[in-house]
Each structure stands twice: as C-alpha cells, then as structure tokens.
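Data first, discussion second: the structure below is written as structure tokens.
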Amino acid sequence: EQYANAAITAGVTNCEIDVASIMSVTGESALTGVYKAFEANGEVLDPERTEVAQDELQITNEIAQENEGQENFDSNVLDQTMLEIKQELANQKQKNGALSQEDIQNIVNEIIQKYKLNEILTEENINAIIEFAKKYANTSAIDSQDVLNQLNSLAKSFSKNFGDLLKQAQDSGLLDRIIQWFKDLFNL
608 EQYANAAITA GVTNCEIDVA SIMSVTGESA LTGVYKAFEA NGEVLDPERT EVAQDELQIT
668 NEIAQENEGQ ENFDSNVLDQ TMLEIKQELA NQKQKNGALS QEDIQNIVNE IIQKYKLNEI
728 LTEENINAII EFAKKYANTS AIDSQDVLNQ LNSLAKSFSK NFGDLLKQAQ DSGLLDRIIQ
788 WFKDLFNL
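Read in order, the letters of the sequence shown are residues 608 to 795 in this note's numbering.
Listed below in structure tokens is the structure:
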C-alpha cells in the first residue's frame, strides 16, 4: 500500500505493484523502476509529481523505521494517514478552490490526531508530513479526479485488509485475549 500510495501521487494508475528484494532496502529505487517501466511503454509521468512521490515514500519509510518497535506504532496506520491527507487535501481544494498553508497544516494535524499519531510521532516527523502535504498540494495530482478515484480505491483496499486482520484476530481468539488483558489491567 505504501508503494501504491506514492505511485498514485506520481501519476501511475491502474497498476498492481509487488516489491521484493533479496536484501533490506528503502524502496525508492523500486518506485523508480515502476516509473521507468511506464516510460518504456510510452506513458509520460510528470517529473514534479514523481519527485513528490519519491519524497512521500522517503518520508514514510524514515518515519516507519524511526518508530519501528514502539508499542503503539503501526506503519499501516501511517500509510492510511498519508492516504487520507491526500484525499482531504483534494476534497478541500475541490470545495474551496485553493488551500492556504494554514489549511494544509490543519488538515495534516487533524488526520494525525484522528489516528493518535500525535502521541507517537516527533514534531520533526509531523513537520516532514506537513512539508510533504504542501508539496503535494502544489502538484497537478491534487486536481486530478483520476488520482482521487485511485486514492478512494486504495482506501477501500486498506479498509478491507484491516477488516481481514480484525476477523483473523477474532477467529484466533487474540481479540478476546486483548480484551481480557485490558479488563485485568483495569481490575488492578
């Protein structure tokens, strides 16, 4: 989802991306490979959008790596946050015609708070996301109905995958054990 999210920013649509490596890598080169494959097949991608997409992937990877291992951090939630930020930026721009720097900052902060990432991420992490959002808001991606449709489709995929994980947790009894742990904790 992280790669698909950034690829949508770059202008790649209706594409399934599988990323694999024999060694640990950050993944920016994998996304560059996707761009090259599209260009080799005659698709022209906007260089400004691909640069912003690379920034998106780099920021997301850095934040995920920096917060890996923290008890309440889930990189899937970060991916969902980035997706929703882009959706809301596009929705607000369609509705109001323009976005101020304050609008962008408010949108980012509201969505980060919605997912309680403000309790986990550093101020530097949040500022990096805000700077990305400002760059994204100045690309043609924000005005593209096709991009918004792709983002909405990816959001449904996120939702379905989360629902599948929740069902697995319920079926395995994990959810019941977590609930019981909280009950025991409160009884102490």
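Beta carbons are placed, not taken as given, at the ideal position from N, Cα and C, and that holds for glycine.
Going by DSSP, what residue range makes up the alpha helix (DSSP H) through residue i?
i    : result
D662 : P654 to N674
K742 : E730 to A744
V715 : Q708 to K721
E695 : S682 to N703
Might you give, ordered along the chain, the residues of its own chain that have their beta carbon closer than 8 Å to the beta carbon of residue i, omitting 5 neighbours on each side?
i    : result
I670 : L685, L728, N732, A735 and I736
N745 : none
E646 : L652
Closest by CA to residue i, which one among the options?
i    : options                   : result
Q708 : D681, Y743 and E726       : Y743
S747 : N679, E691, A705 and I666 : A705
A740 : E730, N713 and Y722       : N713
K723 : E663, Q699 and F680       : F680
L696 : N716, Q672, Q677 and E675 : N716
E663 : Q687, E730, K721 and N703 : Q687
E738 : N683, P654, E650 and T667 : T667
M689 : K721, P654, E650 and E730 : K721
In chain order, what residues of the same chain have a beta carbon less than 6 Å from the beta carbon of residue i, not counting five sequence neighbours either side?
i    : result
N725 : I719
N648 : none
K643 : none
Output needed for residue i: all residues of its chain with C-beta closer than 7 Å, excluding positions within five of it in sequence on either side, in chain order.
i    : result
R656 : T616, A617, G618, T746, S747 and A748
E691 : I718
Between residue i and residue j, which are expected to be in contact by the criterion C-beta below 8 Å, what is the C-beta distance as a whole number of angstroms?
i    : j    : result
D710 : Q699 : 6 Å
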